[in-house]
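Protein chains in written order, with our numbering: chain P, 1 to 328; chain H, 329 to 656. For every residue, glycine included, the Cβ atom is placed at its ideal position computed from N, Cα and C. The structure displayed is predicted, hence computed values, not measured ones.
Protein chains: 2
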Amino acid sequence: MSRRMDIKTFAEAVGVSAATVSRAFGGAGRISVETRKRILAAAEQMGYHASFHARNLGSRRGGSIAFFYPELYTDEPDYFINEIVIGINSTLKHDRLFTVTPFDEDDERLIANAREQILDGRVSAAIIISGTVGAASLISLAQKTRIPYVVIGKSTLNATNTVDYDNEYGATLAGRYFRETNRKHPAYISGHLDRPKKRGFAAGFGVSESEILEIRGGAGFKYGYQAAEMIYHHHKETDCVLCANDIIAIGFIKRAAELGLKIPENIGVIGFDDIAIAKNYMPAISTVSLHLRDLGVSAGEMLEAQFAGRNIIQNEVVRCDLIIREST
Amino acid sequence: MSRRMDIKTFAEAVGVSAATVSRAFGGAGRISVETRKRILAAAEQMGYHASFHARNLGSRRGGSIAFFYPELYTDEPDYFINEIVIGINSTLKHDRLFTVTPFDEDDERLIANAREQILDGRVSAAIIISGTVGAASLISLAQKTRIPYVVIGKSTLNATNTVDYDNEYGATLAGRYFRETNRKHPAYISGHLDRPKKRGFAAGFGVSESEILEIRGGAGFKYGYQAAEMIYHHHKETDCVLCANDIIAIGFIKRAAELGLKIPENIGVIGFDDIAIAKNYMPAISTVSLHLRDLGVSAGEMLEAQFAGRNIIQNEVVRCDLIIREST
DNA sequence: TTGTAAGCGTTATCAT
DNA sequence: ATGATAACGCTTACAA
């Protein structure tokens, strides 16, 4: 196998022209059922495979679908993203190549690389997680180059084709629940980019934002640990906590338990996202479900709709629910 | 932006030939520092980007690095794979496109799609998780097409460039530990493709394989649940369990606790893989660490070595350790 | 229905 | 160091 067989020599071997071979593969051009069958069989038998790059270059389209997401955790799996990917994957037609590319806010090269993928024609459609500067840059690039795209989350760039989730409302549910179950001293452990959660939490609890104890965290178990220690040592009165995501909640619960705090008796905790582990944790974690997979599914469908020409300019908001389990 | 600018019109605008422009980008050809700088600046300013497909076609190389893995969980994140991906990603040079593609053993189309990616030249190097028929097919394809590749796991195809992990030894450690801590009635909850684990477990415990109660499971929390119920109802004497992966262990512990079994007092449980959640679970899960990230790192390095021409034909075995935490 | 020939946008070869 | 020009392997009018 010194060199790949090209269409010409293959066509010759079969006894047809290159054009006919091309037609046999592309569903388009008119060709007799019989010749097509003959060519396909011969290709199978002789091991002919059209070159991906040549095919794309010749047809001046093609290219894969990319999922761009901000790399928040550099050193840990991103469970949030994973759930969304599952949803997207289950929707997209499997004959399309699907790539997932992180863009790091702090790494110029990564974001440049993501942009380049669109600019050089390798990516012909995109799903983009919004909320960062990098994302904004990619969205406006997608608009400029006129490729089909859908944004997950809010977009300031008056993007069409948006699948959004309502963090603030979800947090309101959490706040309300804590108030109704007679908790008195709320705390909020923040992650990245989620001011709306705090706002909703305060509203639901019926207080102003400034009355909520906020502990700044970030993505990762360890921030939950730190928050638990902070509360144990300096904010004993705290009796309920909303965590910006389930991973933080797990870290919090774990450390709190080690310190002798009882969950949910002493402190009720609610997480965010409802990743797979949440309901399998001990205690099972109460959480605001963003229905991440549905989010992925919607995004995928919205993209397919654009491919199909039905370029309906719509924005969708996936509902979110409070799921009460054992940690509250 | 009706159409992308091509190299010819760009070259004209800058006042050089297309060939010179090409040289300015490719690090190769000899070109004066000055012209290169001028061209690069102009490209930046005019927004010229070479077409990915044309570039690859012209240079008769290119293509991305693919990570092929068997899709075991169709409906859940695969934590095992995620950890490996993190390792690979941290190693690979970021200017190479890295795609991750599942091939499903039960879905002809998915595996055909994976093969096609290699055959049509889109993928020019691969990292393949071994252990399934699909994997074997991909490995032999990689060999036939002579692309650089590395296999993670054991390969029957006398593959070179293998990064292996020693499941059997890890399980031996687990068996031995249970014996030394005076457990008497071992059970093994299997996942996929891991007969060696059972063998090692029996050896470590000092009994024959047939003396180990085996409960057939699979990937996913629910198999852990089912196993716990099975043991609770039909195998009361069981006092220690090795689970084929951490997810199963979590499911097992969760359900066992619900049934009133105390972990580790009544039953000691050891998981496999040491995924991120293992040490953050309550109780923290004792597990056989496969050092998944190191595995990914090694695989990435081995591939880079092949690119660099140092095609050292070597096989590596990443050590594995038993990590004792709270579930034993 | 099939063949001929002109692109597609690069890189590589060979001059200069 | 730079410019012409021929590949690269396919698709797609345009003819037949």
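Across which residues does DSSP place residue i in a beta bridge pair?
{"i": "Thr336/P", "result": "Outside the modelled stretch of chain P, which goes from 1 to 328, sits residue 336/P, for which no answer is possible."}
{"i": "Cys320/P", "result": "DSSP output for Cys320/P lists no bridge partner at all."}
{"i": "Tyr79/P", "result": "For Tyr79/P, which the question treats as bridged, DSSP gives no partner whatsoever."}
{"i": "Thr162/P", "result": "Val151/P, Asn315/P"}
{"i": "Thr348/H", "result": "For Thr348/H, which the question treats as bridged, DSSP gives no partner whatsoever."}
{"i": "Val680/H", "result": "In the structure as shown, chain H begins at 329 and stops at 656. Residue 680/H is therefore absent and cannot be evaluated."}
{"i": "Ile129/P", "result": "Ile152/P"}
Are any of the Cβ atoms in chain H nearer than 8 Å to that of residue i?
{"i": "Gly309/P", "result": "no"}
{"i": "Met1/P", "result": "Model confidence at Met1/P stands at a pLDDT of 37, short of 50, so the residue's coordinates are unreliable and nothing is read from them."}
{"i": "Ala187/P", "result": "no"}
{"i": "Ile250/P", "result": "yes"}
{"i": "Arg122/P", "result": "yes"}
{"i": "Asn245/P", "result": "no"}
{"i": "Met282/P", "result": "yes"}
{"i": "Phe25/P", "result": "no"}
{"i": "Ile31/P", "result": "no"}
{"i": "His291/P", "result": "no"}
{"i": "Ala54/P", "result": "yes"}
{"i": "Glu342/P", "result": "Outside the modelled stretch of chain P, which goes from 1 to 328, sits residue 342/P, for which no answer is possible."}
{"i": "Ile215/P", "result": "no"}
{"i": "Ser210/P", "result": "no"}
{"i": "Ala257/P", "result": "yes"}
{"i": "Leu119/P", "result": "yes"}
{"i": "Val332/P", "result": "Residue 332/P is absent from the structure shown; chain P starts at 1 and stops at 328."}
Using a Cβ-Cβ cut-off of 8 Å, state whether residue i counts as contacting chain P.
{"i": "Ala463/H", "result": "no"}
{"i": "Glu433/H", "result": "no"}
{"i": "Glu557/H", "result": "no"}
{"i": "Ile605/H", "result": "yes"}
{"i": "Phe549/H", "result": "yes"}
{"i": "Ile412/H", "result": "no"}
{"i": "Leu385/H", "result": "yes"}
{"i": "Lys590/H", "result": "no"}
{"i": "Tyr713/H", "result": "Outside the modelled stretch of chain H, which goes from 329 to 656, sits residue 713/H, for which no answer is possible."}
{"i": "Thr615/H", "result": "no"}
{"i": "Ala531/H", "result": "no"}
{"i": "Ser655/H", "result": "no"}
Could you say which of the options lies nearest to residue i if we only look at CA atoms?
{"i": "Glu537/H", "options": "Arg523/H, Ala547/H, His561/H", "result": "Arg523/H"}
{"i": "His192/P", "options": "Glu237/P, Thr132/P, Ile324/P", "result": "Thr132/P"}
{"i": "Phe68/P", "options": "Ala13/P, Tyr169/P, Gly153/P, Phe10/P", "result": "Gly153/P"}
{"i": "Asn489/H", "options": "Tyr497/H, Tyr477/H, Gly498/H", "result": "Tyr477/H"}
{"i": "Gly548/H", "options": "Ser518/H, Thr615/H, Val413/H", "result": "Ser518/H"}
{"i": "Ile598/H", "options": "Leu425/H, Pro398/H, Lys526/H", "result": "Lys526/H"}
{"i": "Val479/H", "options": "Gly354/H, Leu623/H, Glu586/H, Ala572/H", "result": "Leu623/H"}
{"i": "Thr656/H", "options": "Gly503/H, Ile367/H, Ser350/H, Ser468/H", "result": "Gly503/H"}
{"i": "Ile285/P", "options": "Glu316/P, Gly251/P, Glu304/P", "result": "Gly251/P"}
{"i": "Lys336/P", "options": "Ser130/P, Ser124/P, Glu168/P", "result": "Since the first and last residues shown for chain P are 1 and 328, residue 336/P lies out of range."}
{"i": "Arg183/P", "options": "Tyr169/P, Asn167/P, Val207/P", "result": "Val207/P"}
{"i": "Gly63/P", "options": "Gln117/P, Arg23/P, Ile88/P, Ile39/P", "result": "Gln117/P"}
{"i": "Ser418/H", "options": "Ile86/P, Thr172/P, Glu71/P", "result": "Glu71/P"}
{"i": "Asp166/P", "options": "Arg325/P, Phe272/P, Ala41/P", "result": "Phe272/P"}
{"i": "Glu654/H", "options": "Asn608/H, Glu632/H, Pro405/H", "result": "Asn608/H"}
{"i": "Arg293/P", "options": "Ile88/P, Thr74/P, Gln226/P", "result": "Ile88/P"}
{"i": "Thr74/P", "options": "Tyr401/H, Ala352/H, Asn410/H", "result": "Asn410/H"}
{"i": "Ala54/P", "options": "Arg4/P, Val163/P, Gln45/P, Glu44/P", "result": "Arg4/P"}
{"i": "Glu34/P", "options": "Ile247/P, Val21/P, Gln45/P", "result": "Val21/P"}
{"i": "Glu372/H", "options": "Phe353/H, Gln634/H, Glu632/H", "result": "Phe353/H"}
{"i": "Ile7/P", "options": "Tyr48/P, Ala41/P, Glu265/P, Arg36/P", "result": "Tyr48/P"}
{"i": "Ala633/H", "options": "Leu420/H, Ala341/H, Arg364/H", "result": "Leu420/H"}
{"i": "Leu438/H", "options": "Leu466/H, Ile412/H, Ile414/H", "result": "Leu466/H"}
So residue i and residue j are supposed to be a Cβ contact under 8 Å. How far apart are they, rounded?
{"i": "Gly268/P", "j": "Asp239/P", "result": "7 Å"}
{"i": "Leu618/H", "j": "Cys648/H", "result": "5 Å"}
{"i": "Arg351/H", "j": "Ile359/H", "result": "4 Å"}
{"i": "Phe426/H", "j": "Asp120/P", "result": "With a Cβ gap of about 16 Å, Phe426/H and Asp120/P do not count as contacting."}
{"i": "Ala187/P", "j": "His235/P", "result": "7 Å"}
{"i": "Gly224/P", "j": "Arg255/P", "result": "7 Å"}
{"i": "Ile127/P", "j": "Leu322/P", "result": "Actually they are not in contact, since the Cβ atoms of Ile127/P and Leu322/P sit about 27 Å apart, beyond 8 Å."}
{"i": "Ala114/P", "j": "Thr101/P", "result": "6 Å"}
(message) Please give the ranges of any alpha helix (DSSP H) in the stretch 217-241 of chain P, keeping only runs that are unbroken, at least 4 residues long and fully inside the region.
(response) If we require 4 residues or more, the alpha helix (DSSP H) runs fully inside the stretch 217-241 of chain P come out as 221-234.
(request) Jot down the residue ranges of each uninterrupted beta strand (DSSP E) in the stretch 513-548 of chain H, minimum 3 residues, whole runs only, in chain order. (result) For secondary structure counted as the beta strand (DSSP E) over 3 or more consecutive residues, the stretch 513-548 of chain H holds these complete runs in sequence order: 514-518, 541-544.
(message) Suppose only complete runs of 3+ residues qualify. What are the beta strand (DSSP E) ranges in the stretch 578-623 of chain H, listed by chain order?
(response) List check, beta strand (DSSP E) in window: 596-601, 614-617.
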